[in-house]
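Trainee: Protein chains in written order, with the working numbering: chain A, 15 to 561; chain B, -12 to 308.
Below, the structure is given as structure tokens:
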């Protein structure tokens, strides 16, 4: 029989309320056999061969962090870009320092341009936002380089600015571009539908298999770097599973990958499905045949209601947006309902993307109908993102037995901007009202939706307990989580949302030996510096993986 | 925005079909695919499975594309309009006309921007369907009301569908509501119009011939053609078109204006949207002449032709036409 390894630590935060703290955990074959102290686990140790590993004697061990909602394939397309961001982004191989102000932006871009060896290589940068970086246009970019194609991809992904070399490089007819209502050749802006013209021109470059593979390798390091041992890929596929799956297998299903991925398929593939929801169910059901050790389809499925939060396309109840524009539906409401019913009746765990309060309302209306038609307990219907909501909706979420998985980073990055430019202070300050959610006892996870937010659970937890906006303001302190609530939201409750709480999320006998090893105890750290706790690395299924 | 286009006739016209779920878009598309319009249509749809075509008509079927024996092609958008356009552009011979089905929650105006902006394509019209049985409730629905109202507002032509299923009072009420909300958009009933391809697709100048008139007689519509070797006054001509929008559904053809006497100008009007596109020159194949489709109850051929003739400029037409 395999030897038991006992990891001793300064402290183990088990997240098991029956034994919240421990100093030793015994592991065999990737599974925890006992948690407690060196003394309490003696019966196991006397009965079996074992050794003590005290490398963590100065560290704090927590259950492996879980982010139930990110998008590895989308991130694989974006990570190879050069980041120039208004807020700091820490990535494993680089730190994108906060760059604010027009001149600072151009200086950084110039610096990157000059660092590239191949003069013909396109420079694609991501992170630009005019609130922070001012007016960057074709002429400004021509000033950085007349010969190298430069593409500035906006933070929300909805706009690209190109220099003349980039416009030529895309080999698009200038007459065609000139007549397009959402392309401004004078400024080099490609937005909304014009953006798709630019992306079509960049497609062969952005989606080249070698670049995608390199991107996935980066994603792998990012996930490890954040201290995760389990993530959810919350909308499979990105575009085409036949093309993406082999690369995912190749990069993720390897011995050196210290995490697993639960794959949550889109409930709808290839356009519509009214009246033929059963075909979608069959397709989703069949995906489990692909399962490997690290890549697993289970019984989760993903639905979408309203549009993107960064793009201000969430659907809002009255009084809507200050400028009077409307959000959009990503899927027709009747279609969401038809699909939800099909998967609900088949016993699936349904995750619904809802960014605005009208999106939340639609999801709850549907859930209420389904509960009336065919009541289910323990169904794990989850509101994903949870940007704008009302307190009454939170109570309804509790009444209907639903869960919340929130992108709390919205509040940090967009709190000030949406207060001043989009929806006003009241609703902007109450985005992701997690305090209310916690007061209703609703299990809640924090997620990054990477690359919408940094894939760093401690950073998400930091926003949730402080609610500090980008400018430093504290927005709706009533909606802050306690440290314990925030820690649960990246461990036990996140496991619950993925339906994996029997395997992961806390440190107790019988669970997988997944740990995140920290240099300090989050419970004894000042909330304001929670995100700065250094991470030693992780243990995945009993195997240490230092950063 | 620059008006001059290099070769407007090389662009394939696109008709966008919009409307909420259940408005009848699929029915219309099924009829278009099997219709006797004589055009090689490329039809882009969201939901491939809803296409219902007689198996005898299917020549070839590979994944995302369905080729019919009458030369039409149906292609699934499958969440990627860009690549669907690429598939259509690669067809040989080229399609005469593209019909694009907007999804039930899409803003057809936004989809039309894609079509307009895609190299090689030109927007012909935005046709929005409205199911008169459900429109009223959809327009006030808290989830989709704003979406449906935006769809209607984007229309060049509005078609009331399922008029045979709803009671007459409801049809009248819905039509009144639409007329009140959109006084300048022509509102048509679907009774026979589904077969009236020239209303939906327009006359196809790419082939330099108009779509053949339908065999069935449709008392709702009249057609007219105007042909005269004269120069027209641009602003007076525009005023005539604008004053007739509503009853006048479509106008298309080439004319010459006195402010640009050496160039032909392409006139395209659908509903209340009027586009004038100056060509680079006055090639003899761009013969002066216009065709009209109008509602007979409100307009007649002589009234239209006289109104256009009255826009004649005092300047003489240059000799080369």
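Where is the CB? At the ideal position from N, CA and C, for every residue including glycine.
Alpha carbon to alpha carbon, what distance is there between residue 366 of chain A and residue -1 of chain B?
Mentor: For this step, residue -1 of chain B is matched to residue 12 along the second chain. For this step, residue 366 of chain A is matched to residue 352 along the first chain. Straight-line Cα distance between these residues: approximately 39 Å.
Trainee: Under 8 Å: do the stretch 370 to 382 of chain A and the stretch 397 to 406 of chain A share three or more Cβ pairs, one atom per stretch?
Mentor: yes
Trainee: At the level of alpha carbons, what is the spacing between residue 396 of chain A and residue 463 of chain A?
Mentor: In the first chain, residue 396 of chain A corresponds to position 382, counting from 1. In the first chain, residue 463 of chain A corresponds to position 449, counting from 1. Rounded to whole angstroms, residue 396 of chain A to residue 463 of chain A spans 15 Å at the Cα level.
Trainee: If we define contact as Cβ-Cβ less than 8 Å, is residue 97 of chain B a contact residue for chain A?
Mentor: Against the second chain, residue 97 of chain B aligns to sequence position 110. Cβ-Cβ to chain A under 8 Å: yes for residue 97 of chain B.
Trainee: Taking one C-beta from the stretch 493 to 504 of chain A and one from the stretch 52 to 72 of chain A each time, how about it: are there three or more such pairs within less than 8 Å?
Mentor: no
Trainee: Would you kindly check if the distance between the Cβ of residue 92 of chain B and the Cβ of residue 134 of chain B is under 8 Å?
Mentor: Start at 1 with the first residue of the second chain, and residue 134 of chain B comes out as number 147. Start at 1 with the first residue of the second chain, and residue 92 of chain B comes out as number 105. Cβ distance < 8 Å, so residue 134 of chain B and residue 92 of chain B count as in contact.
Trainee: For residue 344 of chain A, is the beta carbon positioned less than 7 Å from some heavy atom of the ligand SAH?
Mentor: This structure simply doesn't include the ligand SAH, nor any ligand for that matter.
Trainee: Residue 267 of chain B versus chain A: which residues are under 9 Å apart at the beta carbon?
Mentor: On the second chain, residue 267 of chain B is found 280 positions in, with the first residue counted as 1. The contacting residues do not exist; residue 267 of chain B stays about 12 Å from chain A at best.
Trainee: If residue 48 of chain A sits next to residue 523 of chain A, beta carbons under 8 Å apart, how far is it from one beta carbon to the other, in whole angstroms?
Mentor: Position 34 of the first chain, counted from the first residue, corresponds to residue 48 of chain A. Position 509 of the first chain, counted from the first residue, corresponds to residue 523 of chain A. Indeed they touch by this definition, with Cβ atoms about 5 Å apart.
Trainee: Just to check my reading of the structure: residue 342 of chain A and residue 380 of chain A have Cβ atoms closer than 8 Å, yes? What is that Cβ distance to the nearest angstrom?
Mentor: To locate residue 342 of chain A, count along the first chain from 1; it is residue 328. To locate residue 380 of chain A, count along the first chain from 1; it is residue 366. In fact, because the Cβ distance is near 18 Å, the residues do not count as touching under 8 Å.
Trainee: Would the beta-carbon of residue 277 of chain B fall within 8 Å of that of residue 233 of chain B?
Mentor: For this step, residue 277 of chain B is matched to residue 290 along the second chain. For this step, residue 233 of chain B is matched to residue 246 along the second chain. Taking 8 Å as the Cβ cut-off, residue 277 of chain B and residue 233 of chain B do not qualify as a contacting pair.
Trainee: Does the distance from the CB of residue 220 of chain B to the CB of residue 270 of chain B come in under 8 Å?
Mentor: Within the second chain, numbered from 1, the residue matching residue 220 of chain B stands at position 233. Within the second chain, numbered from 1, the residue matching residue 270 of chain B stands at position 283. The answer is no: Cβ separation not under 8 Å.
Trainee: Determine the contact status of residue 152 of chain A and residue 202 of chain A, defining contact as a CB-CB distance below 8 Å.
Mentor: Along the first chain, one-based indexing puts residue 152 of chain A at 138. Along the first chain, one-based indexing puts residue 202 of chain A at 188. Result yes, Cβ atoms of residue 152 of chain A and residue 202 of chain A sit closer than 8 Å.
Trainee: CA-CA distance, residue 179 of chain A and residue 236 of chain A?
Mentor: Here residue 179 of chain A refers to the residue found at position 165 of the first chain. Here residue 236 of chain A refers to the residue found at position 222 of the first chain. Computed Cα separation, rounded: 32 Å.
Trainee: I'd like to confirm the pairing. Which residues does DSSP put opposite residue 256 of chain B in its beta bridges?
Mentor: To locate residue 256 of chain B, count along the second chain from 1; it is residue 269. Partner(s): B:238, B:261.
Trainee: Classify residue 245 of chain A as helix, strand or coil using the three-state DSSP reduction.
Mentor: By 1-based counting over the first chain, the position of residue 245 of chain A is 231. Residue 245 of chain A falls in the strand class under three-state DSSP.
Trainee: In chain order, what residues of the same chain lie with their CB nearer than 6 Å to the CB of residue 272 of chain A, ignoring the 5 residues before and after it?
Mentor: Position 258 of the first chain, counted from the first residue, corresponds to residue 272 of chain A. Around residue 272 of chain A: 238, 552, 554, 559.
Trainee: Tell me, which residues are paired with residue 65 of chain A by DSSP?
Mentor: Here residue 65 of chain A refers to the residue found at position 51 of the first chain. Partner(s): A:19.
Trainee: For a cutoff of 8 Å on Cβ pairs, would you count residue 134 of chain B as touching chain A?
Mentor: As a first step, residue 134 of chain B must be located in the second chain, where it is residue number 147. At least one chain A Cβ lies under 8 Å of residue 134 of chain B.
Trainee: Answer yes or no: do residue 274 of chain A and residue 310 of chain A have a C-beta to C-beta separation smaller than 8 Å?
Mentor: Indexing the first chain from 1 puts residue 274 of chain A at position 260. Indexing the first chain from 1 puts residue 310 of chain A at position 296. Yes, the Cβ-Cβ distance between residue 274 of chain A and residue 310 of chain A is below 8 Å.
Trainee: Got a sec: which bits of the stretch 117 to 151 of chain B sit with their beta carbon under 8 Å from any beta carbon on chain A, in order along the chain?
Mentor: 129, 130, 131, 133, 134, 137
Trainee: For a contact meaning CB atoms closer than 8 Å, what does residue 8 of chain B contact in chain E?
Mentor: Reference to chain E is not applicable here, since the protein chains of this structure are A and B.
Trainee: Could you spell out where the beta strand (DSSP E) holding residue 42 of chain A opens and where it closes?
Mentor: Walking along the first chain from the start, residue 42 of chain A turns up at place 28. From DSSP, the beta strand (DSSP E) with residue 42 of chain A extends over 35 to 42.
Trainee: Taking the continuous alpha helix (DSSP H) assigned at residue 291 of chain B, which residues delimit it?
Mentor: Counting from 1 along the second chain, the entry for residue 291 of chain B is found at position 304. Counting along the chain, the alpha helix (DSSP H) containing residue 291 of chain B begins and ends at 288 to 296.
Trainee: Pair every Cβ in the stretch 511 to 518 of chain A with every Cβ in the stretch 440 to 447 of chain A, then say whether three or more of these pairs are closer than 8 Å.
Mentor: no
Trainee: In chain A, which residues lie with their C-beta within 9 Å of the C-beta of residue 100 of chain B?
Mentor: The residue you call residue 100 of chain B lines up with position 113 of the second chain. At a beta-carbon threshold of 9 Å, the residues of chain A lying near residue 100 of chain B are 194, 195, 196, 206, 207, 208, ordered along the chain.
Trainee: Taking Cβ positions only, does residue 340 of chain A come closer than 8 Å to chain B?
Mentor: In the first chain, the residue the question calls residue 340 of chain A occupies position 326. For residue 340 of chain A, the answer is yes, since a Cβ of chain B falls inside 8 Å of its Cβ.
Trainee: Measuring alpha carbon to alpha carbon, tell me which residue in A:195, A:28, A:561, A:349 is nearest residue 290 of chain A.
Mentor: Position 276 of the first chain, counted from the start, is the residue given in the question as residue 290 of chain A. Ranking A:195, A:28, A:561, A:349 by Cα distance to residue 290 of chain A puts A:349 first.
Trainee: Assess contact between the stretch 206 to 225 of chain A and the stretch 58 to 75 of chain B, defined as three or more Cβ pairs (one per stretch) separated by less than 8 Å. Is contact present?
Mentor: yes
Trainee: Alpha helix (DSSP H) containing residue 479 of chain A: first to last residue?
Mentor: Start at 1 with the first residue of the first chain, and residue 479 of chain A comes out as number 465. That run of the alpha helix (DSSP H) goes 471 to 480.
Trainee: Counting only Cβ pairs nearer than 8 Å, list the residues of chain B close to residue 374 of chain A.
Mentor: Residue numbering aside, residue 374 of chain A sits at position 360 when the first chain is read from its first letter. The premise fails here: residue 374 of chain A is roughly 12 Å from chain B at the closest Cβ pair, so nothing lies under 8 Å.
Trainee: Here's the rule I'm using: 16 or more other beta-carbon atoms within 10 Å means buried, otherwise exposed. How should residue 339 of chain A be labelled?
Mentor: Sequence index remark: in the first chain, residue 339 of chain A carries index 325 (1-based). Residue 339 of chain A should be labelled exposed.
Trainee: Which term fits residue 627 of chain A, buried or exposed, when burial requires 16 or more other beta carbons within 10 angstroms of its beta carbon?
Mentor: Nothing can be reported for residue 627 of chain A: it is not among the residues displayed for chain A, which extend from 15 to 561.
Trainee: Can you find a CB in chain B that lies within less than 8 Å of the CB of residue 451 of chain A?
Mentor: Translated into the one-based positions of the first chain, residue 451 of chain A becomes position 437. So, not an interface residue.
Trainee: Does chain B have any CB closer than 8 Å to the CB of residue 292 of chain A?
Mentor: Within the first chain, the letter at position 278 stands for residue 292 of chain A. Closer than 8 Å: no.
Trainee: At which residue ranges does the stretch 518 to 545 of chain A contain complete beta strand (DSSP E) runs of 3 or more residues, listed in the order of the chain?
Mentor: 529 to 532
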